[in-house]
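A.B. asks: Residue numbers for the sequence shown follow numbering that gives the first Met the number 0, so the first one is 0 and each next one is one higher.
The beta-carbon is built from N, C-alpha and C at its ideal position, and this holds for glycine as well.
Take this structure, written in C-alpha cells, and hold onto it; I'll ask about it next.
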Amino acid sequence: MSKFLFLLAAFLLSVPCRSQELKSVVWTSFDVSFKAPSDMVVAEDSSEGYAVGNSTYYITVELLEGEGIRRAELAGELKAIAADDEVTKQTPVVSFDLSQFHGVYLKGICGSDRCVYSYLLAKDGSCGFYVSIVYKDADDALPETILRSFALKD
C-alpha cells in the first residue's frame with residue numbers, strides 16, 4: 000500500500016501544473032491594455048467596444064459614458080448595471096486601486112456562467128471603462144488577475 004501511495008505521489012508531482020500563459024492585449028481605440036490568455040480571439044474591436052474570448056473566458060471592455068462619473072459613485076453604478084443585467088448571487092462590491100485606475104468589482108452568476116463586473120476610472124480623470132469577464136469555474140482566480148492587469152498605454 001505504501002509503495003502505491005509513493006508511486007501515486009511521484010506521478011502527481013511529475014505532472015506539470017497547468018498555468019495559463021498570459022499575453023498583453025491592447026484596445027487601440029483607447030490605448031488600454033490588459034493581460035489575457037494567449038489563445039484569446041478578438042470578437043470585437045471598434046470604438047464602441049472590445050471583446051476577446053476562448054472556450055473558457057469572454058472579456059468585454061467598453062468606454063464608460065456619462066457626465067463625469069465620480070469615484071464615490073462607482074460602486075452604486077456597478078450594482079445598478081449588474082441588477083439590470085440580472086446578475087444573480089452577487090458578492091459585495093470590492094474597491095481596489097491600480098497604478099492608473101481606481102476600480103470596483105463584484106462577482107456573480109450570469110446565466111449559467113460565473114462573471115466579474117467592474118468599473119475602472121482613470122486616476123487622471125481622462126476616461127473610465129466597464130469590464131466584464133465571463134468564465135466557467137467558481138474557483139478560478141484568473142479573472143481577478145486579468146482585471147488587476149489593466150493599464151493605459153504611455
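Within its chain, find whatever has a CB closer than 6 angstroms to the CB of S148; leave out the 5 residues flanking it on each side and keep chain order.
C.D. replies: Position 149 of the sequence shown holds residue 148. Only F33, K34 meet the Cβ criterion.
A.B. asks: Indicate the three-state DSSP secondary structure (helix, strand or coil) for P91 in the structure shown.
C.D. replies: Residue mapping note: residue 91 aligns to position 92 of the sequence shown, counting from 1. Correct three-state label for P91: coil.
A.B. asks: Let me know the secondary structure DSSP gives A35 once reduced to three states.
C.D. replies: Along the sequence shown, one-based indexing puts residue 35 at 36. Of the three classes helix, strand and coil, the one that applies to A35 here is strand, per DSSP.
A.B. asks: Report the rounded CA-to-CA distance for T87 versus Y116, giving the unit in angstroms.
C.D. replies: Counting from one through the sequence shown, the residue named residue 87 turns up at place 88. Counting from one through the sequence shown, the residue named residue 116 turns up at place 117. Those two C-alpha atoms are separated by around 12 angstroms.
A.B. asks: Check whether the Cβ atoms of L151 and R70 sit closer than 8 angstroms, and answer yes or no.
C.D. replies: Taking the first residue of the sequence shown as 1, we reach residue 151 at position 152. Taking the first residue of the sequence shown as 1, we reach residue 70 at position 71. No.
A.B. asks: On the three-state DSSP scale, how would you describe R70?
C.D. replies: Here residue 70 refers to the residue found at position 71 when the sequence shown is read from its first residue. Three-state DSSP puts R70 in a helix.
A.B. asks: Would you identify the three-state DSSP class for G124, choosing helix, strand or coil?
C.D. replies: Translated into the one-based positions of the sequence shown, residue 124 becomes position 125. Coil.
A.B. asks: Anyone know if the C-beta pair for L73 and C126 falls short of 8 angstroms?
C.D. replies: In the sequence shown, the residue the question calls residue 73 occupies position 74. In the sequence shown, the residue the question calls residue 126 occupies position 127. Their beta carbons are not under 8 angstroms apart, which means L73 does not touch C126 by this criterion.
A.B. asks: Of all the CB atoms in chain D, is at least one closer than 8 angstroms to the CB of K88?
C.D. replies: In the displayed structure, chain D is absent; only one protein chain is listed.
A.B. asks: Applying the criterion that 16 or more other CB atoms from any shown protein chain within 10 Å of the CB defines a buried residue, is P36 buried or exposed?
C.D. replies: What you label residue 36 is simply residue 37 of the sequence shown in a count that begins at 1. It is buried - the Cβ of P36 has at least 16 other Cβ atoms within 10 Å.
A.B. asks: Return the residue from the list I68, Y49, G67 that minimises the CA-CA distance to T59.
C.D. replies: Here the question's residue 59 lines up with position 60 in the sequence shown. Measuring from the Cα of T59, the nearest candidate turns out to be Y49.
A.B. asks: Between the Cα of Y118 and the Cα atoms of D96, D139, D136, G110, which residue gives the shortest distance?
C.D. replies: One-based indexing of the sequence shown puts residue 118 at position 119. Of the candidates D96, D139, D136, G110, the one whose C-alpha sits nearest the C-alpha of Y118 is D96.
A.B. asks: Taking Cβ positions, are Y56 and Y134 nearer each other than 8 angstroms?
C.D. replies: Indexing the sequence shown from 1 puts residue 56 at position 57. Indexing the sequence shown from 1 puts residue 134 at position 135. Cβ distance < 8 angstroms, so Y56 and Y134 count as in contact.
A.B. asks: What residues in its chain sit with their C-beta under 8 angstroms from that of A9, if we drop five residues either side in the sequence?
C.D. replies: As a position in the sequence shown, residue 9 is number 10, starting the count at 1. At A9 the pLDDT is 38, less than 50, meaning the model places this residue with poor confidence and gives no usable figure here.
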